[in-house]
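*Asks:* Chains as they are written, first to last, in our numbering: chain Z, 6 to 347; chain F, 6 to 347.
There are 2 protein chains.
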Amino acid sequence: MKIESITITDIAKALNFSSSTVSRALRDSYQISEATKRIVKDYAKKNNYHPNLVAQSLKSNKSKSIGLLLCSVPNNFFAEVISGIESIAYNSGYHIIITQSHESQEREARNLDHLSWRSVDGLLVSLSSETMDMSKLQKIHSGGVPIVFFDRVSDCIKTHQVVADNIEGAYRLTKHLIESGCRNIAHITSSPGLSITSERREGYVKALTEYNIPVNENYIKYCPHGGMIMEEIEVVIQELLNMKQPPDALFTASDRITIGSFAFLHKKNIRIPEQIAIGGFCNFSSPELFNPSLTTIRQPAFEMGKTAAELLIALIESKRQETNFEKKILPTELFVRKSSVK
Amino acid sequence: MKIESITITDIAKALNFSSSTVSRALRDSYQISEATKRIVKDYAKKNNYHPNLVAQSLKSNKSKSIGLLLCSVPNNFFAEVISGIESIAYNSGYHIIITQSHESQEREARNLDHLSWRSVDGLLVSLSSETMDMSKLQKIHSGGVPIVFFDRVSDCIKTHQVVADNIEGAYRLTKHLIESGCRNIAHITSSPGLSITSERREGYVKALTEYNIPVNENYIKYCPHGGMIMEEIEVVIQELLNMKQPPDALFTASDRITIGSFAFLHKKNIRIPEQIAIGGFCNFSSPELFNPSLTTIRQPAFEMGKTAAELLIALIESKRQETNFEKKILPTELFVRKSSVK
DNA sequence: TTGAAAGCGATACCAT
DNA sequence: ATGGTATCGCTTTCAA
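1. Along chain F, which residues have their Cβ under 9 Å away from the Cβ of Asn57 of chain Z?
2. Write down every uninterrupted run of the beta strand (DSSP E) in the region 90-157 of chain F whose length is 3 residues or greater and which is fully enclosed by it, in chain order.
3. Answer yes or no: does any C-beta atom of chain Z fall closer than 8 Å to that of Ile264 of chain F?
4. Are Val359 of chain F and Leu63 of chain Z close, meaning C-beta to C-beta below 8 Å?
5. Hey, which unbroken runs of the beta strand (DSSP E) at 3 residues or more fall wholly within the region 200-286 of chain Z?
6. Name the two residues that bound the continuous beta strand (DSSP E) containing Thr26 of chain F.
7. Taking 8 Å as the threshold (beta carbon to beta carbon), is Pro101 of chain F in contact with chain Z?
8. Listing by chain order, which chain Z residues have their CB less than 7 Å from the CB of Ile87 of chain F?
9. What residues in the region 294-308 of chain F bring their beta carbon closer than 9 Å to a beta carbon of chain Z?
10. Suppose you measure from the CA of Lys7 of chain Z to the CA of Asp170 of chain F; what does that come to, to the nearest Å?
11. Can you say whether Cys161 of chain Z is buried or exposed, counting buried as having 16 or more other CB atoms within 10 angstroms of its CB?
12. Report the neighbours of His271 of chain Z on chain F: residues whose CB is nearer than 7 Å to its CB, in chain order.
13. According to the neighbour-count rule (16 or more other Cβ atoms, all chains shown, within 10 Å of its Cβ), is Gly98 of chain Z buried or exposed?
14. Counting only Cβ pairs nearer than 7 Å, list the residues of chain Z close to Ser68 of chain F.
15. By Cβ distance below 6 Å, which residues in the same chain neighbour Lys332 of chain F in space, the five residues on each side in sequence not counted?
16. Can you check DSSP and say which residues form a bridge with Arg303 of chain F?
17. Return the CA-CA distance between Ser68 of chain F and His119 of chain Z, expressed in angstroms with no decimal places.
18. Tell me, which residues are paired with Lys333 of chain Z by DSSP?
19. Could you tell me the alpha carbon to alpha carbon distance between Pro219 of chain Z and Arg157 of chain Z, rounded to whole angstroms?
20. Would DSSP call Thr41 of chain Z helix, strand or coil?
21. Which one of F:Lys324, F:Phe83, F:Thr301 and F:His55 has the shortest CA to CA distance from Ala313 of chain F?
22. For Ile152 of chain F and Asn116 of chain F, I'd like the C-alpha separation in whole angstroms.
23. Alpha carbon to alpha carbon, what distance is there between Asn66 of chain F and Ser290 of chain F?
24. Out of F:Pro197, F:Arg177 and F:Val125, which has the shortest C-alpha to C-alpha gap to Glu135 of chain F?
25. Please report the distance separating the alpha-carbon of Leu73 of chain Z from that of Tyr54 of chain Z.
26. For Ser133 of chain F, which residues in chain Z fall below 9 Å Cβ to Cβ?
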């Protein structure tokens with residue numbers, strides 16, 4: 006830290022070696038005799054030496070840090086992802102620098118700047134719902150910084166992607182709603198531009214189609230801010246309720262939207278599931294405690310964080326340019342509870 | 006980042022100045038002519054120069070980073086705290102390095118090591134429930150690293166503390182339970198050593214005493230792991246249920262314990278609040294959606310993070326040694342809902 | 001097997 | 001007002 010920090014030079018002086026020798030001894034260089042190594046290492050350990058990571062970074066142009074770009078920390082899904090990332094990063098000697106976009110493209114861009122000035126070794130990215138312009142990210146990537154996408158991914162950059170099986174999850178939930186007797190299933194989802202939005206929508210459409218239920222575009226509602234703003238959720242639900250044929254079920258596409266919709270139905274004293282059934286993507290820890298217990302599709306968030314971090318660190322540390330990128334698709338889990346069973 | 010990064014030396018060469026001049030011009034030194042400043046700054050901006058923070062860190066022995074020591078990220082309370090910290094840090098040019106102790110003292114100690122090797126400028130600390138030994142933290146502190154405690158604090162180190170008004174919150178909730186007709190109020194709480202534990206307990210005792218209800222030590226149950234392990238919650242509740250006079254109410258002392266207890270009562274088909282009322286500290290986002298809606302004391306977690314970060318950054322950047330430390334006590338909010346009203 | 005010296009990028013002291 | 005040079009701590013090439 007500050008006071009009690011011994012440097013290589015200190016050791017060198019104390020033992021009458023050169024700093025190069027000390028450096029090499031500590032890194033177990035083959036050119037150093039065992040005897041010297043022992044002396045140096047013993048002294049280092051006794052005096053609680055630890056390399057100054059900042060100096061190492063400057064020299065090596067590696068910071069052993071990973072930048073993290075996501076929407077919001079106080080969000081069950083992302084908090085779990087972070088925990089997964091941290092578990093891997095910790096073991097590999099990396100630390101993570103977290104930035105939140107709050108679903109704002111502009112903030113995301115500024116965060117990217119900050120991260121690049123910090124000279125992070127790589128980036129884990131989940132895009133904001135506003136993001137249209139990938140040029141900054143592309144520039145950084147082509148500048149040699151490895152990137153791994155998770156959750157909200159983009160094909161504009163050729164790299165690894167880690168996502169949940171959104172299509173399958175959405176498909177299974179929608180199918181469940183249909184089999185539960187619902188026919189007018191609305192879908193409330195995030196910004197249209199996001200990968201998760203189109204994938205979840207695809208699963209929804211697939212299930213409807215399979216059961217010969219026509220897809221009604223008016224039943225698909227987008228929340229441009231991904232549900233960060235409660236009002237946008239309330240507005241679209243109100244629109245649905247005002248329709249001539251209001252939906253008999255809601256399939257909600259994210260943590261915030263699911264909880265927000267559920268809360269709004271509560272507030273409006275709409276009986277769940279009798280009047281409207283509901284189920285959606287949600288990583289809330291205890292949906293079974295809700296009133297009624299809430300049907301959810303759970304994403305393997307911790308796992309997603311772990312996988313993304315592993316892939317990124319591998320990219321960072323690989324000697325040769327990786328060209329064979331993979332899209333990891335992690336399975337989701339459907340938990341059917343009372344909120345969706347008519 | 007890597008490729009497109011211009012250095013001061015590059016600018017100096019391009020403009021035929023010395024690097025000292027360029028450095029001074031960029032930092033607006035009074036010794037540099039306006040003309041030169043303009044030339045240098047224009048060139049810097051045009052070529053997208055940004056100082057290499059690693060080099061600055063090495064030189065200045067300041068990393069513009071803050072270490073964060075807490076139990077667990079995927080926990081509503083801490084996630085909100087992190088968000089608060091981030092909001093302040095971001096604006097002040099600091100980044101935060103997050104480490105999780107998972108309530109383990111040993112892991113906490115290793116995290117401290119890692120953070121100190123990273124030469125963080127300061128530390129925001131919420132102790133793990135196991136932590137007895139403060140010597141490492143003390144050493145770091147006396148080594149000159151500013152520390153601010155939040156939530157789970159300790160008086161072993163003289164510094165700022167930011168906490169919720171635990172006594173008052175616990176007092177009001179307990180009082181509410183009493184007024185709601187409960188007489189045998191059990192208290193399920195974290196590890197006995199934690200500051201939050203003794204404070205919340207104090208509020209609980211205060212309310213009981215005020216109503217001439219004897220304090221029954223058997224009604225106070227500790228979870229050494231702070232409820233990280235579901236089993237420890239189940240065990241103590243089962244003990245309570247097995248008593249000759251089982252409690253008619255539970256006052257639970259943390260996010261995890263509150264949710265865990267509620268879930269266990271559910272599982273055991275115990276009617277809430279008729280058989281047992283329940284209420285507790287909890288920063289869950291939607292306790293009103295629970296079945297029944299859950300009475301909670303909410304801590305101003307975001308605010309706590311902000312305040313702690315502000316205090317820490319002030320400490321870091323203050324020239325003179327601070328001696329006048331304060332304990333910020335932030336108000337809590339009691340939300341009475343159905344789970345506690347007999 | 002070991003040492004001297006250069007260099008990573010920015011800064012500050014000492015000259016001029 | 002500007003330039004030369006040493007320094008932060010560590011690594012690495014080149015010499016010996």
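Glycine is no exception: its CB is placed at the ideal position from the N, C-alpha and C atoms. Every value quoted in this text rests on a predicted model; they were computed, and no experiment measured them.
*Replies:* Reading from the atomic positions:
1. In chain order: Leu63, Trp122 and Ser124.
2. Scanning the region 90-157 of chain F from its first residue to its last, the whole beta strand (DSSP E) runs of 3-plus residues come out as 100-105, 127-130 and 152-155.
3. Interface residue, yes.
4. For residue 359 of chain F there is no data in the structure shown, the boundaries of chain F being 6 and 347.
5. Listed in chain order, the complete beta strand (DSSP E) runs (minimum 3 residues) inside the region 200-286 of chain Z are 225-227, 254-257 and 282-286.
6. No beta strand (DSSP E) holds Thr26 of chain F; the alpha helix (DSSP H) holding it covers Ser24 to Leu31.
7. Looking at the sequence shown, residue 101 of chain F is not Pro but Ile. Yes, Ile101 of chain F counts as interfacial toward chain Z.
8. Val78, listed in chain order.
9. Flagged, chain order: Leu294, Phe295, Asn296, Pro297, Ser298, Leu299, Ala306 and Phe307.
10. Residue confidence is low: Lys7 of chain Z scores 49 on pLDDT, short of 50, so the model does not pin down where it sits. Its coordinate-derived value is still stated next. For Lys7 of chain Z and Asp170 of chain F, the gap between their C-alpha atoms comes out near 34 Å.
11. By the C-beta density criterion, Cys161 of chain Z is exposed, having fewer than 16 other C-beta atoms within 10 angstroms.
12. Under a criterion of Cβ atoms nearer than 7 Å, the residues of chain F adjacent to His271 of chain Z are, in order, Leu294.
13. Exposed: under 16 other Cβ atoms inside 10 Å.
14. Result: Val59.
15. Contacts found: Gln166.
16. For Arg303 of chain F, the pairing in a beta bridge is given by DSSP as F:Glu338.
17. Cα to Cα, Ser68 of chain F sits roughly 14 Å from His119 of chain Z.
18. Z:Val167, per the DSSP bridge assignment.
19. Distance between the alpha carbons of Pro219 of chain Z and Arg157 of chain Z: 28 Å.
20. Here DSSP, grouped into helix, strand and coil, assigns Thr41 of chain Z to helix.
21. When only C-alpha atoms are compared, the closest one is F:Phe83.
22. In this structure, the CA atom of Ile152 of chain F is about 15 Å from the CA atom of Asn116 of chain F.
23. Computed Cα separation, rounded: 41 Å.
24. Per the Cα distances, F:Pro197.
25. Distance between the alpha carbons of Leu73 of chain Z and Tyr54 of chain Z is about 30 Å.
26. Neighbours of Ser133 of chain F in chain Z, taken as residues at a C-beta separation under 9 Å, are lacking, since the least C-beta distance is about 15 Å.
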